[in-house]
Amino acid sequence: MKPLVETLCVIGPGLIGSSILRRARLDPSIARHLIAVDRDAHVCDRARALDLADEITQDATAAVADADLVVLCVPVGVIPVVAAAIIPHMKAGAILTDVGSTRGSVVEGITPYLRPDIAYVPAHPMAGTEHSGPDAGFATLFENRWCLFTPAMNASPEAIATMEAFWQAMGARLRHMDVAHHDKICAIVSHLPHLLAFTICNTADTLADELRAEVLDFAASGFRDFTRIAASDPIMWRDIFLHNREALLEMLDRFSQDAQAMADAIRQDDEATIVRTIERGRRIRRNLIENKQA
6 MKPLVETLCV
16 IGPGLIGSSI
26 LRRARLDPSI
36 ARHLIAVDRD
46 AHVCDRARAL
56 DLADEITQDA
66 TAAVADADLV
76 VLCVPVGVIP
86 VVAAAIIPHM
96 KAGAILTDVG
106 STRGSVVEGI
116 TPYLRPDIAY
126 VPAHPMAGTE
136 HSGPDAGFAT
146 LFENRWCLFT
156 PAMNASPEAI
166 ATMEAFWQAM
176 GARLRHMDVA
186 HHDKICAIVS
196 HLPHLLAFTI
206 CNTADTLADE
216 LRAEVLDFAA
226 SGFRDFTRIA
236 ASDPIMWRDI
246 FLHNREALLE
256 MLDRFSQDAQ
266 AMADAIRQDD
276 EATIVRTIER
286 GRRIRRNLIE
296 NKQA
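The numbering of the sequence shown is the working numbering, which starts it at 6 and goes up by one.
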């Protein structure tokens, strides 16, 4: 069977990157030759130990020279920097993509370096865990998860079709949307929850010593769920917050208003508003389960 691409190069074999490589290892219809790239020698050593790729290197410019598809799986703050370094070395007809959780800043940063003979088709898989690094990945990470496409204006239909087939082979469901809409959606369903989790844990950590110790001793499932999210990689999330600043702050303002409304309802014994808010949360949870996103 002819594979979707001959050579697949993944730059950044962390949670997402190593999951892509693991899936491609299991499914030879995706790529014939796998390359993993990371500037950190220890990450490369782990990738070798895990047999994530046929070729593992710290030299990104050499790795992309013969790649048909290059996937950037690095923090959003450095995606444009890495793209600027590798694009001059990519072969004509190759496809460049990234898996960044923000689109506006990444597209704006990459666009000046694009070549007309390279298709840029960014696609953001809405999947992940609180773990990071090559050991964190697994082949089924993208199963039944949404992958959001925001292809560049000059991307050919053939390149877009290749990327759609690629993510379908990963097990994902596909949705196309414009950049601004993507960033607003991710701000509310991903970025704001992480911001709240980090902040709640920070609040707990700054309580008086005795109370803080009891919080950790008696943490119930709700607080434990927040700590799971808050265990996520700090550099990655710093970059996401700063590079989706406008959409995130817009959603944070909206949340702050709703939180104040709930506080007012509690203060005023407004049982109807309290129940209505809780019921809305229950309905959203049921919808997530029905959509196989929980």
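Don't be surprised by glycine CBs; every beta carbon is placed ideally from N, CA and C.
This one's a predicted model, so the numbers in the text were calculated from it and none came from an experiment.
1. Taking the alpha carbon of Pro85 as the point to measure from, which residue in Ala72, Arg108 and Ala97 has its own alpha carbon closest?
2. Whose C-alpha, out of His136, Val83, Gly133 and Pro130, is nearest the C-alpha of Val112?
3. Would you call Ser23 buried or exposed, if buried means 16 or more other Cβ atoms sit within 10 Å of its Cβ?
4. Should the stretch 8-26 be called in touch with the stretch 141-149, which here means at least 3 C-beta pairs below 8 Å?
5. Opposite Cys152 in the DSSP bridges: which residues?
6. Quick one: what does DSSP say Cys206 is sitting in, helix, strand or coil?
7. Within 10 angstroms of its Cβ, does Leu293 collect 16 or more other Cβ (buried), or is it exposed?
8. Counting only the same chain and skipping the five closest in sequence on each side, list residues whose C-beta sits under 6 Å from that of Ile289.
9. Kindly indicate the opening and closing residues of the alpha helix (DSSP H) around Glu11.
10. What residue range is occupied by the uninterrupted beta strand (DSSP E) comprising Leu39?
11. Would you mind reading off the limits of the beta strand (DSSP E) that contains Thr62?
12. Evaluate the contact criterion for the stretch 56-75 versus the stretch 13-20: three or more CB pairs, one atom per stretch, below 8 Å.
13. Return the chain-ordered ranges of every beta strand (DSSP E) run that is complete within the stretch 65-137 and spans a minimum of 3 residues.
14. Tell me, please, whether the stretch 149-162 touches the stretch 39-49 by the rule of three or more beta-carbon pairs shorter than 8 Å.
15. Whole angstroms are fine: how far does the CA of Arg287 sit from the CA of Gly98?
16. Roughly how many angstroms separate the alpha carbons of Ile123 and Met168, rounded to a whole number?
17. Taking the CB atoms as reference points, tell me whether Ala236 and Glu135 lie closer together than 8 Å.
18. Confirm, please, whether the CB-CB distance from Pro130 to Ala174 is below 8 Å.
19. Taking just the CA atoms, how far does Asp263 sit from Arg233?
20. So the candidates are Leu212, Ala252, Asp230 and His199; which of them puts its Cα closest to the Cα of Val184?
21. CB-CB under 8 Å to Val76, same chain, minus the five flanking residues each way: which ones, in chain order?
According to the structure data:
1. Pro85 has its Cα closest to that of Arg108, out of Ala72, Arg108 and Ala97.
2. Val83 is the residue among His136, Val83, Gly133 and Pro130 whose C-alpha sits nearest the C-alpha of Val112.
3. Buried is the call here.
4. Short answer: they touch.
5. Its beta-bridge partners are Pro130 and Leu179.
6. Cys206 falls in the helix class under three-state DSSP.
7. It counts as exposed.
8. There are no such residues.
9. Premise fails: Glu11 lies in the beta strand (DSSP E), Val10 to Ile16, not in any alpha helix (DSSP H).
10. Under the DSSP assignment, Leu39 falls in the beta strand (DSSP E) whose first and last residues are Ala36 to Val42.
11. Per DSSP, Thr62 belongs to the beta strand (DSSP E) from Glu60 to Thr62.
12. Here the stretch 56-75 lies against the stretch 13-20, with 3 or more beta-carbon pairs under 8 Å apart.
13. Complete beta strand (DSSP E) runs here, min 3: 74-77, 100-103 and 128-130.
14. Taking a contact to require three or more Cβ pairs closer than 8 Å, the stretch 149-162 and the stretch 39-49 do not qualify as touching.
15. Roughly 48 Å separates the two Cα atoms.
16. Ile123 and Met168 have their alpha carbons spaced roughly 13 Å apart.
17. Yes, Cβ-Cβ distance for Ala236 and Glu135 is below 8 Å.
18. Contact flag unset, no.
19. CA-CA distance, Arg233 to Asp263, rounds to 24 Å.
20. Comparing alpha-carbon positions, the option among Leu212, Ala252, Asp230 and His199 lying closest to Val184 turns out to be Ala252.
21. Cβ-Cβ distances below 8 Å link Val76 to Leu13, Cys14, Val15, Ile16, Gly22, Ile25, Thr102, Asp103 and Val104 in the same chain, with the five nearest sequence neighbours on each side left out; the list follows chain order.
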